[in-house]
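> Take the sequence shown: its position 21, counted from the start at 1, is 146 in the working numbering, and no numbers get skipped.
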Amino acid sequence: MTGLREPSVTSFFVPFPGRRAVVEETEPDPQVVLVIPARFGSTRFPGKPLAEVRGRPLIEWVALRARGATLVDRVVIASDDDRILSHMADRDYDVVRTSAGARTGSDRVAEVAQNMEGDIFVNLQADEILGDVRIIDQAVAPLIKDPGVPISTVMRRISSPEDCLNANVVKVVTNQHHFALYFSRATIPADRDQLAPSRPDLSWEQHLGIYAFRREALLEFARLPTSRLEELEKLEQLRALDFGLSIYVARTEHPSWRVDSPEDLEQLKGMDVLWDS
C-alpha cells in the first residue's frame, strides 16, 4: 500500500467507457503555465539544453515556440543548473530553481506548481522540437473543455515502419474515448496477423513529449511513488496510469521531433523550417 488518500485518486479517475463532464455555468478562463523542465546532465547527450543551433541553444528554440501558444499565459524554465537558468534569465524568461533530485520532468514541474499560481501546468520537454505551436494548444484544450479530465497529452500517427521499431519513439494505445490504455517503447499494439498493410484504420500512434496537468492532478502525481511500469519502461506517464489517473490523448497532424542524441540534433539542423522563426 502506498498510503495514498483514496478520494484523491478516484476524484480524477475516468472509468471506461469514459465520463464526460457537463459545464452548466460559464467559468473564468483557467491560468495556464507552461514549464520547460531541463537538466544539464545526460548520459547520451551531456549539456543538451544548451547545445547550439543557428545561434541559439536548443532550450531557447523550445521556449520561443512555447511563447507563441494561444492558450498559454506564462512560460517558465525549471532547472537545477546555473548555466541553464542564467542563460534563459538573460533572455527575459521566468526561471525557477528546482531540486537536483527531481525524479522526472513532471516532478520538476510539480515543484514549480507548489509555489506558483496556476490552474493548468504544461510540461513541455526541453528536447521536444514542435513542428507547429498549435500542438501545445491541442494538449491544453481538453482540460479547458472538460473539467473531468485531469491530464492530457498528444499523439500523432506513425508513418514510418522504422519508427514503430524504434525504442526512442514512444507508442500509445487509446480506448474509443481517447483515453490512454498504455504507453510503451515497444511496438503496440502487436499486429499478429499482419493486417495493417490492408487496413488503413489500423495504425500506430506516437506519443509526443508534452503533458497538460490540472494543478491538483499534478501535485497528486508527484506525491505518488515511482511505479513498477514507470521503472521498467522509463516512462513517467505510466505512474499516472498505474495509480488510476486518466490521461486524455488528443490527436495532432503536426509533426514533432525529439532530440535524444547529438546525431539527432545534427539531422535536424538541416531542416530550415524548424529554425526560421
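For each residue, glycine too, the CB sits at the ideal point set by N, CA and C.
#1: Pick out whichever of R259, L290, Y307 and L183 has its Cα sitting closest to the Cα of L360.
#2: Using three-state DSSP, classify L196 as helix, strand or coil.
#3: For T377, collect the residues of the same chain with a Cβ closer than 6 angstroms to its Cβ; drop the 5 residues on either side in sequence, then sort them by chain order.
#4: Using the DSSP secondary-structure output, state which residues sit across from E358 in a beta bridge.
#5: Give the single residue among G180, A235 and I276 whose Cα lies nearest to the Cα of D401.
#6: From the DSSP output, in three-state form, read off R334 for me.
#7: Could you tell me the boundaries of the beta strand (DSSP E) in which L249 lies?
#8: Can you find the residues in the same chain that come closer than 7 angstroms, C-beta to C-beta, to K394, ignoring five residues on each side of it along the sequence?
#9: Rounded to whole angstroms, what's the CA-CA distance from E345 to E236? Just pull it up for me.
#10: Excluding five sequence neighbours on each side, which residues of the same chain lie with their C-beta closer than 6 angstroms to the C-beta of A321?
#11: Would L363 and L249 be called neighbours here (beta carbons separated by less than 8 angstroms)?
Let me spell this out:
#1: Y307
#2: coil
#3: I260, Q263, V279 and R281
#4: In the DSSP output, where bridge partners are listed per residue, E358 has none listed.
#5: G180
#6: Reading off the sequence shown, one finds Gly at residue 334, where the question assumed Arg. Looking at G334 - three-state DSSP - the assignment turns out to be strand.
#7: I245 to L249
#8: V178
#9: 12 angstroms
#10: L327
#11: no
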